[in-house]
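S.K.:
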Amino acid sequence: MRAIVVSEPGGPEVLSWSEVPDPQPGPGEVLVDVRATAVNRADLLQRQGHYPPPPGASEYLGLECSGVISALGAGVDGWAVGQQVCALLAGGGYAERVAVPVGQLLPVPDGVDLVDAAALPEVASTVWSNVVQVARLAAGETLLVHGGGSGIGTFAIQLGAALGATVVATARAAKHDRLRALGAAHLIDYREQDFVEEVRRVTSDAGADVILDIMGASYLGRNVAALAYDGRLVTIGMQGGRKGELDLGALLAKRGTVAATALRSRPLEQKSAIVRGVREQVWPLVEACRIRPVIDRRMPISEAADAHRLVESSDHVGKVLLTVD
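The numbering used here numbers the first residue of the sequence shown as 2 and each following residue consecutively.
1. How is T204 classed by DSSP in three states: helix, strand or coil?
2. Taking 7 angstroms as the cut-off, does the CB of P102 come closer than this to any heavy atom belonging to the ligand ADP?
3. Can you tell me which of the three DSSP states A91 falls into?
4. I believe A172 touches L188 by the beta-carbon criterion, under 8 angstroms. Please report the beta-carbon distance rounded to the nearest angstrom.
5. Since A166 is in the beta strand (DSSP E), which residue starts that stretch and which ends it?
6. Can you pull the DSSP bridge partners for R3?
7. How would you call K320, buried or exposed, if buried means at least 16 neighbouring beta carbons within 10 angstroms?
8. Count the other C-beta atoms from every protein chain shown that fall within 10 angstroms of the C-beta of C290, then say buried if there are 16 or more, exposed otherwise.
9. Here's the rule: buried if 16 or more other CB atoms are within 10 angstroms of the residue's CB, otherwise exposed. What is R256?
10. Give the straight-line distance between the Cα atoms of T38 and A119, rounded to the nearest whole angstrom.
11. Does the beta-carbon distance from S67 to L115 come in below 8 angstroms?
12. If we require 4 or more residues per run, which alpha helix (DSSP H) segments fall completely within the stretch 237 to 283?
13. Report yes if the CB atom of V35 is closer than 8 angstroms to the CB atom of A96, and no otherwise.
14. Per DSSP, which residues does G79 bridge with? Please list them.
15. Per DSSP, what are the beta-bridge partners of M300 in this structure?
16. Tell me which residues share the same chain as D111 and place their Cβ nearer than 7 angstroms to its Cβ, disregarding the 5 neighbours each side in the sequence.
17. Going by DSSP, which residues form a beta bridge with T38?
18. Measuring straight from C-alpha to C-alpha, what distance separates S329 and L45?
19. Check whether the stretch 68 to 86 and the stretch 4 to 14 are in contact - that is, three or more C-beta pairs closer than 8 angstroms.
Structure below.
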């Protein structure tokens, strides 16, 4: 088969579409012929040499895919060759074929195109596990989503709105109209506005009950300031750095909670449990058109380098997909 290979850590130019050995499904795995994958920021970090795959995972980029099952490993029940699926991966999506643990498979939701389904597994699993499982977002609460125009952000806006929360999102002003159409009640231009002041203004000084943060260190203090009493801050990214100063007095005064999670490195049983939760609680919302995959564009997988440049620029809204013929 062919896959995107990283010749050495570096910029997008190190990516090449090359022949590599075919994967084989082991016990409890299925082989999927890939129709599409999606570009995630973790892929950019891995390309740069900063985010190696966990032990035993494919060395190739790609944390999700959609496609058709072409073979079943030993002990696999409930799935069939020829079935259309999408999958959460620890790696290997930038390829013509990938072996997937059966617990990380999802059926393509009714009403969703097979290629577009590649935009769902990673964001659905990340957002649901953090906003619902960890932060326990409830109807009537306020959810602040940082990076509202990203794949994570566009999904979080929709899920928050579907759960009955008031969603506030930070994003470039040029993206506001599209995010408002997804369900964001209030938009903040992080380049021109202080998000703490704006959150206080739109909540009548109450603050955000849940904050989904991709920035990390650079936003830590301001996120605590923006929290409501009994608020929950969940950090899932470090685009603003790894180390920040936390005022424990301010957090204590808010009776606040700070959590940080990663998905890729979780044990198989934890990822399988998250995927089951997504299928049970999120897929019905997708099939009812209350949540839809947000696709900025589709690009041939041979143009992966240009796709990486686009995601690095942050000029996209939603997911950038790589299609495989």
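Where is the CB? At the ideal position from N, CA and C, for every residue including glycine.
This one's a predicted model, so the numbers in the text were calculated from it and none came from an experiment.
M.R.: Put simply:
1. Your numbering for residue 204 matches position 203 in the sequence shown. Coil at T204, not helix or strand.
2. No copy of the ligand ADP occurs in the structure displayed, which carries no ligand at all.
3. Here residue 91 refers to the residue found at position 90 of the sequence shown. A91 falls in the coil class under three-state DSSP.
4. As a first step, residue 172 must be located in the sequence shown, where it is residue number 171. As a first step, residue 188 must be located in the sequence shown, where it is residue number 187. That pair is a contact at about 6 angstroms.
5. Translated into the one-based positions of the sequence shown, residue 166 becomes position 165. Note, A166: premise wrong, no beta strand (DSSP E); not H, not E.
6. Looking up residue 3 in the sequence shown gives position 2. Note: R3 sits in a beta bridge opposite E20.
7. Residue 320 sits at position 319 when you count from the first residue of the sequence shown. Buried: at least 16 other Cβ atoms inside 10 Å.
8. Taking the sequence shown and counting its residues from 1, one reaches residue 290 at position 289. So C290 ends up on the exposed side.
9. Walking along the sequence shown from the start, residue 256 turns up at place 255. Counting C-beta atoms within 10 angstroms of its own C-beta, R256 has fewer than 16 neighbours from the protein chains shown and is therefore classed as exposed.
10. Position 37 of the sequence shown holds residue 38. Position 118 of the sequence shown holds residue 119. If you draw a straight line from the Cα of T38 to the Cα of A119, it is about 5 angstroms long.
11. Position 66 of the sequence shown, counting from 1, holds the residue named residue 67. Position 114 of the sequence shown, counting from 1, holds the residue named residue 115. Contact annotation: S67 and L115 have beta-carbon atoms nearer than 8 angstroms.
12. DSSP runs (the alpha helix (DSSP H)) wholly in the stretch 237 to 283: 249 to 255 and 269 to 278.
13. Counted from its first residue, the sequence shown places residue 35 at position 34. Counted from its first residue, the sequence shown places residue 96 at position 95. A contact, by the Cβ cut-off of 8 angstroms.
14. Looking up residue 79 in the sequence shown gives position 78. In DSSP, G79 forms no bridge with anything.
15. Sequence index remark: in the sequence shown, residue 300 carries index 299 (1-based). Looking at the DSSP assignment, M300 forms a beta bridge with L323.
16. Locating residue 111 in the sequence shown gives position 110, where the first residue counts as 1. Only E288 meet the Cβ criterion.
17. Locating residue 38 in the sequence shown gives position 37, counting from the first residue. Note: T38 sits in a beta bridge opposite C66 and L323.
18. In the structure as shown, the chain starts at 2 and stops at 326, and residue 329 therefore has no counterpart that could be examined.
19. No, they do not touch.
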